[in-house]
Amino acid sequence: MAGSAKSFLGKLGVDSRLLGMIGALVVLWVLFDLITGGRFLTPRNLFNLSVQTASVAVMATGMVFVIVTRHIDLSVGSLLGFIGMSVAALQVHVLPEIVGLGHWSIWVVAALAAVLMGAVIGAFQGWIIGYLTVPAFIVTLGGFLVYRGAMWWVTHGQTVAPLDSSFRLMGGGADGTLGETLSWGFGVFASLVALFLIVASRRRKTKHGFSVKPVWAEGILMALAVGLVIGFVWVMNSYKIAKGALPRIAEARGVEMVDGLVLNHGVAIPVIILLVVTVVMTVISTRTRFGRYIYATGGNPEAAELSGINTRLLTVKIFALMGALTGISAVIASARLGAVDVGLGTLDELRVIAAAVIGGTALSGGFGTIYGAVIGALIMQSLQSGMASVGVDAPLQSIVVGIVLVFAVWVDIVYRRKTGA
Amino acid sequence: MSAKSPLVEMKHMSIAFGGIHAVDDVSVELYPGEVVGLLGHNGAGKSTLIKMLSGAYAADSGEIYINGERAVINNPREARSYNIETIYQTLALADNLDAASNLFLGRELVTSIGTVDDDAMEAETRKIMARLNPNFRKFSEPVSALSGGQRQSVAIARAVYFNARILIMDEPTAALGPHETQMVSELIKQLKAEGIGIFLISHDVHDVMDLCDRASVMKNGKLVGTVDIDDVSDDELLSMIILGKRPGEAVPES
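Line order of the protein sequences matches chains A and B. Heads up: the first sequence is residues 1 to 421, going by our numbering. Heads up: the second sequence is residues 1 to 254, going by our numbering.
Now the structure itself:
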């Protein structure tokens with residue numbers, strides 16, 4: 001029985017580690033749903049979970065590259081705070097003076113500034129690590145302190161609020177979603193892309209005369225991909241907008257406000273940002289030379305250098321990318337709260353590292369996947385949200401998360417030893 | 001041999017690490033279709049000398065000529081641009097990547113939109129492996145899952161695939177069984193017949209006697225001497241390595 005299940009999965013070509021993570025996630029969800037008497041697996045909670053995961057998950061995809069090349073970045077939480085505060089000050093105190101309050105360009109300029117600021121600071125850290133050969137642990141530990149301090153100086157500790165209303169859409173909430181129709185459109189589009197990719201990969205393999213999966217296996221994979229996407233959209237489209245917000249949302253979506261009107265949320269914009277980041281980062285990691293060199297350098301730095309790879313410049317690029325992603329996360333996190341105080345991003349570096357590591361990224365270098373890190377972030381967030389909804393005290397939450405982190409890495413080590421990877 | 005111009009000339013090469021003269025004023029040359037053995041104890045400076053040719057180390061002083069023209073080699077990329085390929089003793093493989101990714105590392109085949117073309121690289125890898133090691137099957141597994149001989153054939157394939165004119169082999173048979181050692185010997189003879197010049201680093205005198213045309217012996221970073229293999233016996237070569245003197249020479253004082 002176990003043997004036939006194994007060969008079935010083998011033919012599907014699904015990574016057993018991926019299955020393990022999804023299994024853990026499903027167990028967590030079902031467990032919390034049972035304990036809370038059905039309050040966990042509701043459209044409302046899943047919508048909030050997806051939004052809360054986005055910021056950490058975006059950074060976790062970048063942390064994969066950092067850890068794969070045997071580095072670490074302890075500064076992302078502080079950097080997120082520094083960028084969030086700077087961009088908040090930019091859109092509240094600076095830009096309105098130039099283009100006028102509520103101008104459409106404010107959110108664009110603010111978002112671009114966040115990404116650019118992250119990339120430049122990240123590149124500078126990468127330069128110190130790659131060219132001056134100061135260990136990443138030390139450089140980013142320094143950054144951890146520097147950016148948290150720098151954040152304070154931006155406004156002398158004052159909270160900046162309220163953020164630009166268009167900018168806030170990137171944080172999710174009742175306003176910050178695609179709406180029902182666009183969400184369905186997105187679901188159909190994403191499904192078609194998934195189907196196309198599976199077919200194209202099969203064609204390419206056949207052209208070179210490599211063995212391909214049986215047709216039924218491809219069929220199951222296609223059904224799974226489409227089912228997952230459409231199911232997700234369906235759940236998001238089942239979360240009703242609260243009565244109080246109804247008139248505002250109806251106006252924003254151009255729907256006439258009548259009695260008995262029902263509007264649903266749809267997929268949140270930060271989740272769309274996360275999905276785009278995930279796809280782009282996956283393409284970088286598996287389909288570009290840059291990605292190939294990251295894994296080669298992580299596997300054997302000396303071999304990478306002897307193959308003509310400029311590993312120093314590679315380090316600069318990796319940290320610049322990590323910084324740019326931190327910029328994106330800073331936008332999501334600050335937009336979600338609608339205000340920035342000096343605590344923004346505190347402890348995020350540890351959540352991000354934990355997400356990447358739970359997602360199967362090896363600290364010894366060379367191994368780690370983007371989707372793993374995203375699922376890792378989702379597991380972490382599910383654990384935290386779940387315990388909160390069960391009513392576990394905050395200190396006990398920390399204790400559980402800490403134990404789960406160590407346990408997950410131990411399981412990963414045993415798994416690696418067993419599979420010889 | 002003297003009619004042809006040398007493929008490689010390394011003149012007065014020196015390099016020091018923290019005051020230790022790892023290579024001290026060594027000159028060697030290599031002709032097309034010739035195998036030159038580099039012999040010496042561990043730490044004699046053979047690998048270091050050759051790493052200045054493969055671009056892994058930049059020389060402190062000395063000049064390299066390729067086909068009679070001055071060549072500047074500061075990194076592995078520049079060495080590759082002169083068609084110098086190296087099989088390192090450590091093999092220099094990224095253990096977490098598969099054979100094709102290792103073979104094309106730094107020189108990936110790309111599609112028309114610039115993404116790496118894994119399928120095309122695997123197809124090419126299958127072709128060259130069919131020639132070098134027909135029993136090779138593990139194309140989609142990381143090279144950490146391969147045996148010593150299979151790993152060696154990946155490293156050899158990498159050097160051979162890109163049309164090397166100058167091939168450096170650092171202890172190519174050190175980790176191999178008898179059958180695979182035989183395979184490497186055949187390959188060396190075949191490449192030699194194609195006019196490729198080969199530096200063969202070894203501390204096995206018998207390998208060198210079998211495969212090489214000439215041998216340069218090093219000791220303590222200095223060149224003891226270069227001899228034609230036909231002019232010396234095993235014992236004479238061995239005494240050059242151990243005593244650091246040419247046949248018929250008195251033991252130098254040191």
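No residue lacks a Cβ here, since even glycine has one placed at the ideal position from N, Cα and C.
query	result
is_contact[Ala56 (chain B), chain A] using C-beta, thresh 8 Å	yes
Cβ of Gly149 (chain B) within 8 Å of any chain A Cβ	no
Neighbouring residues, chain B, relative to Thr61 (chain A) (Cβ below 7 Å)	The contacting residues do not exist; Thr61 (chain A) stays about 18 Å from chain B at best.
Cβ-based contacts, 8 Å cut-off: residues of the stretch 305-332 of chain A near chain B	Glu305, Leu306, Ser307, Gly308, Ile309
Exposure of Asn135 (chain B), with buried meaning 16 or more beta-carbon neighbours within 10 Å	exposed
Whether Phe124 (chain A) touches Leu74 (chain A) by CB criterion (8 Å)	no
Through-space distance from Ala324 (chain A) to Ser86 (chain A), alpha-carbon basis	15 Å
DSSP-derived helix/strand/coil call for Asp25 (chain B)	strand
Best match in B:Val110, B:Leu187, B:Val36 for proximity to Arg292 (chain A) [C-alpha to C-alpha]	B:Val110
Interface residues of the stretch 71-89 of chain B facing chain A [CB-CB below 8 Å]	Asn75, Pro76, Arg77, Arg80, Thr86, Tyr88
Cut-off 8 Å between Cβ atoms - residues of its own chain near Glu253 (chain B), not counting five sequence neighbours on either side	Unreliable positioning characterises Glu253 (chain B) in this predicted model, as indicated by a pLDDT of 48, which lies under 50. The coordinate reading is nonetheless provided below. Excluding residues within five positions, none has a Cβ falling inside 8 Å.
Separation of Glu85 (chain B) from Ile188 (chain B), as counted between CA atoms	14 Å
Distance between beta carbons of Ala155 (chain B) and Glu93 (chain B), contact taken as under 8 Å	In the sequence as displayed, the identity of residue 93 (chain B) is Leu instead of Glu. Going by Cβ atoms, the distance from Leu93 (chain B) to Ala155 (chain B) rounds to 6 Å, so yes, they are a contact pair.
For Glu78 (chain B), the first and last residue of its enclosing alpha helix (DSSP H)	76-81
Same chain only: Cβ atoms within 8 Å of Leu145 (chain A), ignoring 5 sequence neighbours per side	Ser78
Endpoints, the alpha helix (DSSP H) within which Arg292 (chain A) is located	289-299
Interfacial residues, the stretch 90-107 of chain B to chain A, with Cβ spacing under 7 Å	Ala92, Leu93, Ala94, Asp95, Asn96, Leu97, Ser101, Leu105, Gly106
Arg168 (chain A), buried or exposed, once every other Cβ within 10 Å from all chains shown has been counted against 16	buried
Rounded separation between Ala99 (chain B) and Ala362 (chain A) - CA only	21 Å
Alpha-carbon spacing of Leu338 (chain A) relative to Pro270 (chain A), whole angstroms	In the sequence as presented, Leu is not what sits at residue 338 (chain A); that position holds Gly. Cα to Cα, Gly338 (chain A) sits roughly 14 Å from Pro270 (chain A).
DSSP three-state assignment for Leu39 (chain B), whether helix, strand or coil	strand
Validate contact between the stretch 406-420 of chain A and the stretch 83-100 of chain A using beta carbons, cut 8 Å, 3 pairs	no
Bridge partners - Pro142 (chain B), DSSP secondary structure assignment	B:Asp98
Beta carbon proximity, His71 (chain A) to chain B, threshold 8 Å	no
Inter-residue spacing [alpha-carbon to alpha-carbon] between Leu46 (chain A) and Met236 (chain A)	8 Å
Local conformation of Tyr131 (chain A) per DSSP, three classes	coil
Contact check, Ala89 (chain A) vs Val188 (chain A), beta carbons under 8 Å	no
Partner residues on chain A for Ala123 (chain B), Cβ-Cβ distance less than 7 Å	His208
Contact between the stretch 317-334 of chain A and the stretch 33-44 of chain A (3+ Cβ pairs under 8 Å)	no
Counted within 10 angstroms of its Cβ, other Cβ atoms place Val205 (chain B) as buried (16 or more) or exposed	buried
Straight-line gap, Val283 (chain A) to Ala190 (chain A) (C-alpha atoms, nearest Å)	15 Å
Test: Thr226 (chain B) CB closer than 8 Å to a CB of chain A	no
Pair within 8 Å by beta-carbon distance, Gly81 (chain A) and Tyr131 (chain A)	no
At least 3 beta-carbon pairs within less than 8 Å: the stretch 20-29 of chain A vs the stretch 230-248 of chain A	no
Alpha carbon of Ser364 (chain A) to alpha carbon of Val8 (chain B), nearest angstrom	40 Å
Segment contact flag, the stretch 113-128 of chain B with the stretch 45-64 of chain B, C-beta cutoff 8 Å, min 3 pairs	no
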